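Worksheet: one structure, shown below.
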Amino acid sequence: MPWSSPRSQHHAAVARKIHLSRLFRFPEPPLIAVKLNLGELPPGVTYRHIYGAALLAGVGFTMGLFVTALAFDAPALATSARLSILAGSSLSAIAGLTVLARARQGQ
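Under our numbering, the first residue of the sequence shown is numbered 1, with each subsequent residue one higher.
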């Protein structure tokens with residue numbers, strides 16, 4: 001399947017969504033709480049740690065695989081969707097661990 005086909009673009013979008021969705025929703029509550037003086041970060045925790053944890057939150061793929069099993073009857077589509085889900089989760093794991101490793105070095 002060429003990367004320019006609509007199907008492959010759709011699966012690339014699925015992988016990106018899995019990777020990026022938590023990055024923009026996960027860090028907001030603690031950051032807003034700190035900005036409004038409703039709380040503070042624990043000692044030794046930086047915003048970089050929060051972003052690393054947000055990236056790691058994108059690793060969850062169990063529900064995506066379950067929905068894929070229900071949504072696709074064609075084996076080729078189901079396989080492609082599974083690979084996209086695993087790719088997005090893998091990208092989140094690598095990015096999250098990299099950010100947290102760099103945050104640890106920066107302390």
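Backbone N, C-alpha and C define an ideal beta-carbon position, used for all residues, glycine too. Computed from a prediction, not measured in an experiment: that's the story for all the values here.
What are the boundary residues of the alpha helix (DSSP H) that T46 is part of? No alpha helix (DSSP H) contains T46, which DSSP labels as neither H nor E.
Exposed or buried, what is V99 when buried is set at 16 or more other beta-carbons lying within 10 Å of its beta-carbon? buried
Three-way DSSP call (helix, strand, coil) for A12 in this model: helix
Inter-residue spacing [alpha-carbon to alpha-carbon] between S84 and A69: 14 angstroms
Might you give, ordered along the chain, the residues of its own chain that have their beta carbon closer than 7 angstroms to the beta carbon of F72, omitting 5 neighbours on each side? A78, A81
Can you name, in chain order, every residue of its own chain whose Cβ lies under 6 angstroms from the Cβ of G64, other than the five neighbours on each side? I85
Could you give the residue range of the alpha helix (DSSP H) that holds G60? Careful: G60 lies outside any alpha helix (DSSP H) and carries neither H nor E.
L55 versus R102, F61, A95, A103, residue with shortest Cα-Cα distance: A95
Which term fits P30, buried or exposed, when burial requires 16 or more other beta carbons within 10 angstroms of its beta carbon? buried
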